[in-house]
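Line by line, the protein sequences are chains A and B.
The opening position of the first sequence corresponds to residue 1172 in the working numbering, with each subsequent residue numbered one higher.
The opening position of the second sequence corresponds to residue 51 in the working numbering, with each subsequent residue numbered one higher.
Step one of this worksheet: look at the structure below.
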Amino acid sequence: MSKGNEGYRGSGDYIASKPLMEIVNVSINLAKPLVIKGEPGTGKTLLAHSIAEALGKKLLIWNVKSTTKARDGLYVYDTVQRLNDARFKDRDISDIRQYIKLGRLGQAFTSDEQIVLLIDEIDKADIEFPNDLLNELDEMSFHINELDEEVAAKHRPIVVITSNSEKELPDAFLRRCIFYYIEFPDEEMMDRIIRVHYPDIQEKLVRECIKRFYWIRQIDGLRKKPSTSELLDWIKALSMGGIHIDRITSELPFLGSLLKTEQDTERVSRVASGGSTGFRKRF
Amino acid sequence: MFIDFFYKLRAKGVPVSITEWMSFTEALYKGFMGTSLNHLYYVGRAFLVKSEAYYDMYDLAFNEYFGGVSSEGIDLEKVMEWLENPINKLPKLSPEELEEMKRILEEMKQKMDLEEMMKQFRERMKEQQERHDGGSKWIGTGGRSPFGAYGYYPGGIRVGGEGWMGSAVKVAQERRFKNYRQDIILDVRQTKMALKKLRQLRREGAEEELDIDLTIDKTAKEGGEIELVFAKSRENTIRVLLLMDTGGSMAPYADLCERLFSAAVQSEHFKDMKYLFFHNCIYQDVYEDMWNAKAVPTEKMLANFHSGYKIILVGDARMGPGELFDKYGCIDYYYSNETPGVEWLHRIKNHFEYSVWLNPTPKEYWRHPTVDAIGRVFPMYELTVDGLKDAIKALTSKVKRSAA
C-alpha cells in the first residue's frame, strides 16, 4: 500500500508525534476505529479536528454523555411530533420517514463523502455503550426498525474515539479497534506546542513557565495535575499581565489558572516555600 | 510469522487475543510493517495492546524478541518471571503441578532471603514508578503480579495455609491498599462481573420519560386530544456506604479488595457512593483514609448517613475474641473503646435497613468465634463473584432481612 502524500501528517495548529501519525494512517487505511486515550489536555479531541482539517474532510462530533444511548447515534424516532401532527392534522403522517432523525453515526453513514467521525469521551456513557455499537462499527451499517430499512455506510467514515479511562472499555470492543495512548508531552514537545499557540511570546518566559510547570506536575499528592490547556492559560495570563520573569520563578503568580483546587494550591505553595518534606530547592 | 512474538507477549502478561493478532498480521501483509523496527514497534503496539497499563510489558516482550536493549538484572527478572507464571496459570493447574509449585515455593523460601526479597521488591516498585508514573501494574494487579497476588486465586484453588500467607502479609503490606482508588486497571473479568452485579442495585427512582403506550391509550380515550404520559425512568437512587477493613490480616486480600473497591468507586451508577475504613473491628471511630489517620466518630457516621444507605462491610471478621466482645478490647493498646466492638456492629446493623458483610476469606475457613459472631449480626458472604451476587440480592430484596 502506498502511503505517498495522501496520509495524515499533522496539521497547522496540531502537533502529532510521528508514531501517532503512523497509527492514524494505519487506522484510516485499514478502516478500523482508532481509540485514543491519554491524560486530559493531551489533545485527544483535537486530533480528530486535525485529521479532518489535514485531509480536507468534514468532521462530525458525537459528544457522549452519561445518558447517551448507543441508539441515539443511529437514529431517533420522534413519536411526540408524529402524535402531535396526527392530532392537528398538519401533515401527512403516513410517512414515518419524516419522523426518523438520524444520529451522528447515521449521518456519517449516509454522507456522500467520507467524513471523520469523532465519538468523544466514550467512557462517559454506560459501560455497555461501546458494546452496543460493536456491530454498527464493524459492519458500518444498521437497521431502522420502523422503516424496515438497512442503512449502510456509503463511505466508511474515519472513526476516532476518545476515552479518559473513567471506565474501562470492554475487551470485545477494544479488540476491534486500534489503540493509542497519547503520553503527556515532554518539555521539548511542550515547547513546540506552546509555540503553535502563542508564536510571539518571549522564549525566556516560555522556558521558565515550562520549567515551573513540570516541577509542579511532579509534586506528589496533587489532586489534579495541571495539563497542557492549563499551562496555555497560565502563560497567557502571565504574558497579558506583564509579569516579569523573575517573579515567575520566585512567587508563581496566577497559580489559580494552573491549579483548580484549594488543597493543590496550598500543597504547591507549601512545597515551593520549602517547608514540606524533603524538598530540595531547585530554583 | 512472528507467532513466537505472540506467545512472548502473552507470557509477559499482555492479553493479546487472536482477533487482534490477526488484524496485526493483516496490517503487516498490507505493508504497514514499514521498513524500520521502530515502525513495527508502534504499529504492533497499536494493534496488540489495548491499555497503557500493558505498554511496559509490551516493551519487554518486544525487546526480548527483537533483541533491542538487553535487559539488565537478569536474576531479578527471572525471579519475577517465575513468580509471574505460576500464578497466572494457577486456575488451570493439575494437582501434581500444584504440588510441584508448592515445593518450588518452599525451596524458594529457603533459598531466598526474605530481606533480599523485600529489597528487590522495593527496587522494583521504585523502578515501576519511575518508568510509568505508577501506571504499570507490575506489582499490584491480580493475576499478573508476583507480589500482590499471594493471597487470592481466581479459580477457587487456594493453596497453602498460614505459613504461606504469612510471608505475603509482609510483602503486601508495603503497598497494601495504596493505589486503591484511581485508575487501577481492572483487567480481570471477575471484577467486571462484580461491577455488573453492583449495577443491579439500580432502578428504584422516579424521573420523566415518555411512556408511549400509555400516551397512545390515554390520547385515544380523550378522543384524539394529545395527552402525554410520563413514566418513571430507571434512575438509580441507590446510595452505598462501603466500610473496609484495613487490618493486618487483610493484607493478603488487598488485591482482591482493591478490585472491588475500584470497581465500586468507578461505577457512577450509584446516586451516592461513600467509603470509610476501619481497623479489624469497628469501635467508636471509623476512618476516612486507609491509614486510619482521619477519624470520624462512628456516632457521626450513623447520624450522617440515613438508614436508606446500603452498607457493605468488607473484612475477614477474624480477630481475637476480646477485640470483638470486650470493653477496651481493641488491638491498638492506646485506643480504648468503652463499648465493645460487637455492640457497635449491632448499632450499625440496626441503623441501616440493608447491610451485608463480605468476607474475602474462603468459606471453609470461616469457623472462628468472631467470624461466627459477626455472621450472626450481618448476613455474611464470600467475596467472590457468587458471593457478591448473593450479597447484592440481599441488599436489594424487598423484605428486610433479619440477621441469619
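All C-beta atoms, glycine included, are put in the ideal place defined by N, C-alpha and C.
Quantities reported herein were computed from a predicted structural model and do not represent experimental measurements.
On the criterion of 16 or more Cβ atoms from any shown chain inside 10 Å, does B:F112 qualify as buried, or is it exposed? buried
Rounded distance between the beta-carbons of A:F1384 and A:T1213, thought under 8 Å: That pair is no contact at about 14 Å.
Look at A:S1237 and A:A1296 and say whether their C-beta atoms are less than 8 Å apart. Yes. Within cutoff.
Helix, strand or coil for B:E373 per DSSP? helix
Rounded to whole angstroms, what is the Cα-Cα separation between A:H1326 and A:C1348? 18 Å
Roughly how far, in whole angstroms, is the beta-carbon of A:P1424 from the beta-carbon of A:N1335, given that I think they are within contact range, below 8 Å? That pair is no contact at about 30 Å.
Since A:S1182 and A:A1225 are thought to touch, with beta carbons under 8 Å apart, how far apart are those beta carbons, to the nearest angstrom? 4 Å
Write down every uninterrupted run of the alpha helix (DSSP H) in the segment 1215-1267 of chain A whose length is 4 residues or greater and which is fully enclosed by it, in chain order. 1215-1226, 1241-1245, 1250-1259
Quick one: what's A:G1209 bridged to in DSSP? Note: A:G1209 sits in a beta bridge opposite A:I1353.
Entirely within the segment 336-417 of chain B and at least 3 residues each: give me those beta strand (DSSP E) ranges in chain order. 345-347, 360-364, 404-409
When the cut-off is 8 Å and only beta carbons count, does B:I361 lie next to chain A? no
Proximity to B:C331 [Cα-Cα], best of B:V290, B:N342, B:D322, B:K324: B:N342
Kindly indicate if chain A contains any beta-carbon less than 8 Å away from that of B:Q179. In this prediction, B:Q179 has a pLDDT of 41, which is less than 50 and means its spatial position is unreliable; what the coordinates show is noted afterwards. Chain A contact via Cβ: absent.
At a Cβ threshold of 8 Å, is A:I1222 touching chain B? no
Sub-8 Å separation of B:A313 and B:M323 beta-carbons: no
So, for B:R225: in the same chain, excluding its five sequence neighbours on each side, which residues have a beta-carbon less than 6 Å away from its beta-carbon? The predicted model places B:R225 with a pLDDT of 28, which falls under 50 and marks its position as unreliable, so this point remains unresolved.
For A:E1374, which residues of its own chain have a beta-carbon under 8 Å away from its beta-carbon, when the five flanking residues on both sides are left out? none
Among A:L1218, A:N1200, A:V1206, whose alpha-carbon lies nearest the alpha-carbon of A:Y1185? A:L1218
Between which residues of its own chain and A:F1344 is the CB-CB distance below 7 Å, once the five residues before and five after are set aside? If we look at A:F1344 and ignore the five residues flanking it on each side, its Cβ neighbours are P1301, N1302, L1305.
What in chain B is Cβ-close to A:K1228, meaning under 9 Å? By Cβ distance, chain B contributes nothing, its closest Cβ being about 21 Å from A:K1228, past 9 Å.
Going by Cα to Cα distance, which pick from B:F428, B:D436, B:F327 is closest to B:M340? B:F327
Take A:S1221 as the anchor and find which of A:I1271, A:V1195, A:D1391 has the nearest alpha-carbon. A:V1195
Rounded to whole angstroms, what's the CA-CA distance from A:L1230 to A:S1282? Just pull it up for me. 11 Å
Name the chain A residues that come within less than 7 Å of B:L306, Cβ to Cβ? Within 7 Å Cβ-Cβ: nothing; B:L306 doesn't reach chain A, min ~17 Å.
Assuming contact is defined by CB atoms lying nearer than 8 Å, are B:F55 and B:Y115 in contact in what I supplied? yes
Assigned secondary structure, B:C331 (DSSP; H/G/I helix, E/B strand, else coil): strand
Among A:T1432, A:I1329, A:D1391, A:S1312, which one has its Cα closest to the Cα of A:E1284? A:I1329
Complete beta strand (DSSP E) runs within the segment 424-448 of chain B (minimum length 3 residues, chain order): 430-432
Going by C-alpha distance, which of B:E76, B:K439, B:W416, B:L408 is nearest B:L306? B:L408
So which residues of chain B does A:R1346 contact, with C-beta pairs closer than 7 Å? S67, T69, E70
Give the secondary structure of A:F1344 by DSSP, where H, G and I count as helix, E and B as strand, and everything else as coil. helix
Quick one: what's got a C-beta closer than 6 Å to B:E212's C-beta in the same chain, skipping five residues either side? Low confidence applies here, because B:E212 scores a pLDDT of 24, under 50, leaving its location unreliable and the question unanswered by this model.
Within a Cβ cutoff of 7 Å, which residues of the same chain sit near B:P371, ignoring the five residues on either side of it in sequence? P419, T420
Measuring CB to CB, does A:L1201 end up less than 8 Å from B:E76? yes
I need the DSSP call for A:H1314, collapsed to helix, strand or coil. strand
Taking the alpha-carbon positions, what's the B:Y404 to B:T446 distance? For the pair B:Y404 and B:T446, the Cα-to-Cα distance works out to about 8 Å.
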